[in-house]
Amino acid sequence: MSFDEIYNIALMQGFAGLSLFSVLLLMGLGLAIIFGQMGVINMAHGEFMTIGAYTIFMFSSLTETYAPGLMQAYFPVAILAAFVIAFGFGWLTEWALIRHLYKRPLDTLLATWGLSLGMQQVFRSTFGPKEVSPTLPDWLMGSWSPSEGLDIPINGLFVLALTLLVTGGVLLALYKSRWGLRVRATVANRAMANATGINTKRTDRLTYAIGCGIAGVAGAAFTTIGSTGPTSGSLYIVDAFLVVTFGGAGSLLGTVASAFGIAQTQSISEFFMTGSMAKVLTLLLIVTILMIRPQGLFASKIRR
Amino acid sequence: MLNVKDVFVAYGQSQALHGISFEANRNETVAIMGRNGMGKTTLFKSLIGVLPLKSGSIEVAGNAVHKDESYKRVAKGIAYVPQGRMIFPTLTVEENIQTGLENAKVKKVPEEIYALFPVLWDMRRRKGGNLSGGQQQQLAIARALVTDPKVLLLDEPTEGIQPSIIKDIAKALNEIRKLREITIVVSEQVLSFAMDVADRLFVIEGGRLVHESTRAETDTARIKQFLSV
Chain A
1494 MSFDEIYNIA LMQGFAGLSL FSVLLLMGLG LAIIFGQMGV INMAHGEFMT
1544 IGAYTIFMFS SLTETYAPGL MQAYFPVAIL AAFVIAFGFG WLTEWALIRH
1594 LYKRPLDTLL ATWGLSLGMQ QVFRSTFGPK EVSPTLPDWL MGSWSPSEGL
1644 DIPINGLFVL ALTLLVTGGV LLALYKSRWG LRVRATVANR AMANATGINT
1694 KRTDRLTYAI GCGIAGVAGA AFTTIGSTGP TSGSLYIVDA FLVVTFGGAG
1744 SLLGTVASAF GIAQTQSISE FFMTGSMAKV LTLLLIVTIL MIRPQGLFAS
1794 KIRR
Chain B
36 MLNVKDVFVA YGQSQALHGI SFEANRNETV AIMGRNGMGK TTLFKSLIGV
86 LPLKSGSIEV AGNAVHKDES YKRVAKGIAY VPQGRMIFPT LTVEENIQTG
136 LENAKVKKVP EEIYALFPVL WDMRRRKGGN LSGGQQQQLA IARALVTDPK
186 VLLLDEPTEG IQPSIIKDIA KALNEIRKLR EITIVVSEQV LSFAMDVADR
236 LFVIEGGRLV HESTRAETDT ARIKQFLSV
């Protein structure tokens, strides 16, 4: 094998890592803002991702049946719908279930796990146990080859761009919008935020719903790189938790960095060894680094 | 303006406030004096709604607030500067002040706040957690003030602050009252500070108000006796 070939393979494998990075980052982002604000470990987060993925599938089949002419255009609308539907379900879940359990963190863990099992069964009953794939528009197919022997898939590029857009949007909203100010004040001191006039309960609901909505977008992104089944979300939930813990809870830049690190380690080492060994290597690295830095990669620097 | 009647507060089985009643008028500063553990902070927390009342009532300008959550009390005109400042350490100074603008039409910090506390203008881009104690106290007062309160509650504003800054805070409080003609309720252990700002003084002991006097009639020796251990 010549040097050129190895170089190209490393680039392509690195790019495959970027697609994984995108899904992990979108998942981790939602988890991180929900955990950061309310201390709720949302075990059902993966299922909100699946909701997003099935939304894309439904849009694709409906368009195919009723308006085949619009096949090239449905995808962006479907992504928006994935966000809105996951957001709506998140809002409903917070109102019906989560808000009653804020003072009992371990119970939220169990309750959201139960919720995730229930949702998986609903998916199975509605869409069947078999994995489904939406028909993607033609412009997402194929690959971009900047040089001989180097193929970068276009769907991967699209997912990456979508992720950067959503992450940038969330960061901007957190640091520039009124919602962001409410969230950051509530995270810093809940009772005091309430005593400065902030309706912390409404902020909680909005944050939970936004977190779920982002998971929906993650699901939409996921459909372009894999097929959707009832348990697709639960396959990503552990990795998403890793991303959040490793990045340092409460630090979104940490979440970005750790998603990148984990996805690249996983993807590049997968090329040189088996998938399971690559996972072992990734986990070993994470455990070692967390033993040295228990607060995670990034922790904000202020006097306490 | 502020009307507190028969307030009882308990931590589980142990009762901390045994029927506190007092009134504070518009354009008046009232000081609640007392040693540690006598119920000052408990009283203030129950006024803003961090602690629930067991019984009794609290009215602001005729509106009952004692059943509301804190944020609704803020909308009805109470603002709270807690003991230990409790500013948001991860937010910048400017953002800290903006949290108080929840019910304001314009979400920009009014210039009079920076005129009152010039040091906050210089520090507006810094993280709140990196300010000194005195600066944090001014920030906490600014954050409360932008909610445009009718009643301003300050729980031990001089705690842990050097004497020269204590004088500044007293000056600021008097300035605020002159500008806005609001009611100020302040809890205090430092008698000289209370004499600088308050029109009336109460002494709280064991969860009851045991003494009341206007500033002119205050027998400082008597109050010092209450405050000494």
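These protein sequence lines map, in sequence, to chains A and B.
Under our numbering, residue 1797 is the last one in the first sequence; the count climbs by one each step, no gaps.
Under our numbering, residue 264 is the last one in the second sequence; the count climbs by one each step, no gaps.
Positions of the beta carbon are idealized from the N, C-alpha and C atoms, including for glycine.
Please read all numbers here as calculations on a predicted model, not as lab measurements.
Using the rule of at least 16 other Cβ atoms within 10 Å of the residue's Cβ for burial, across every protein chain shown, is residue i buried or exposed?
i	result
ILE1499/A	exposed
GLN173/B	buried
ARG1797/A	Unreliable placement is indicated for ARG1797/A, whose pLDDT of 45 sits below 50; the coordinate value is still reported in the next sentence. Exposed, by the Cβ-count rule.
LEU136/B	buried
LEU214/B	exposed
THR1513/A	Note that residue 1513/A is Leu in the sequence shown, not Thr. Buried.
LEU1518/A	buried
SER1609/A	buried
ARG235/B	buried
THR1628/A	exposed
ALA205/B	buried
SER49/B	exposed
LEU1790/A	buried
HIS1593/A	exposed
ILE1785/A	exposed
PRO124/B	buried
GLY1583/A	buried
If I follow the unbroken beta strand (DSSP E) through residue i, where does it start and stop?
i	result
ASN38/B	37–46
PRO1646/A	1643–1646
GLU194/B	Careful: GLU194/B lies outside any beta strand (DSSP E) and carries neither H nor E.
Where does residue i sit, in a helix, a strand or coil, going by DSSP?
i	result
ARG70/B	coil
HIS1538/A	helix
LYS1772/A	helix
PHE237/B	strand
PHE123/B	coil
LEU78/B	helix
PHE152/B	coil
ILE93/B	strand
ILE1707/A	helix
ASN1687/A	helix
PRO1639/A	strand
THR1693/A	helix
GLY1789/A	coil
LEU1590/A	coil
LYS1623/A	coil
SER49/B	strand
ARG243/B	strand
ALA139/B	coil
THR1556/A	helix
GLU104/B	coil
GLU129/B	helix
ASN60/B	coil
ILE1779/A	helix
ALA99/B	strand
SER199/B	helix
Tell me, please, which residues DSSP counts as bridged to residue i.
i	result
GLN172/B	Beta-bridge pairing links GLN172/B to no other residue.
ASN209/B	None; ASN209/B has no bridge partner.
THR218/B	VAL186/B
THR1548/A	According to DSSP, THR1548/A bridges with nothing at all.
LYS162/B	THR127/B
Along the chain, where does the alpha helix (DSSP H) that runs through residue i open and close?
i	result
ILE1718/A	Neither: ILE1718/A is in no alpha helix (DSSP H) and is coded neither H nor E.
TYR115/B	Where TYR115/B is concerned, there is no enclosing alpha helix (DSSP H), although the beta strand (DSSP E) it sits in stretches over 113–116.
ARG1617/A	1598–1620
ARG1671/A	1671–1681
VAL144/B	Per DSSP, VAL144/B belongs to no alpha helix (DSSP H) and is neither H nor E.
MET1564/A	It is not in any alpha helix (DSSP H) - MET1564/A carries neither H nor E in the DSSP assignment.
LEU1518/A	1496–1531
GLU1763/A	1745–1765
TYR1595/A	Counting along the chain, TYR1595/A falls outside any alpha helix (DSSP H), and DSSP gives it neither H nor E.
Residues of chain B with CB under 9 Å from residue i, in chain order?
i	result
ASN1648/A	Chain B residues near ASN1648/A: none, gap ~38 Å exceeds 9 Å.
Closer than 7 Å by beta-carbon distance: list the chain A residues that pair up with residue i, in chain order.
i	result
LEU126/B	ARG1677, ALA1678 and ALA1681
ALA251/B	Near ALA251/B there are no residues of chain A at all, since even the closest Cβ is about 34 Å away, more than 7 Å.
For a contact meaning CB atoms closer than 8 Å, what does residue i contact in chain A?
i	result
ASN138/B	GLY1690
THR30/B	Residue 30/B lies beyond the stretch modelled for chain B, which goes from 36 to 264, so this question has no answer here.
TYR46/B	Chain A residues near TYR46/B: none, gap ~15 Å exceeds 8 Å.
ARG178/B	THR1689
PRO198/B	Within chain A, no residue comes near PRO198/B; the closest Cβ sits about 23 Å away, beyond 8 Å.
ILE83/B	ALA1688
Can you name the residues of chain B whose CB is closer than 8 Å to the CB of residue i?
i	result
ARG1671/A	LYS142
ALA1686/A	PHE123 and THR134
Name, please, each residue of chain A whose Cβ falls closer than 9 Å to the Cβ of residue i.
i	result
ALA110/B	GLY1690
TYR115/B	MET1685, ALA1688 and THR1689
Name, please, each residue of chain B whose Cβ falls closer than 7 Å to the Cβ of residue i.
i	result
LEU1674/A	GLU130, GLN133 and THR134
So residue i contacts chain C; which residues on that side make the cut at Cβ distance below 7 Å?
i	result
SER105/B	Looking at the structure shown, chain C is missing, and the protein chains on hand are A and B.
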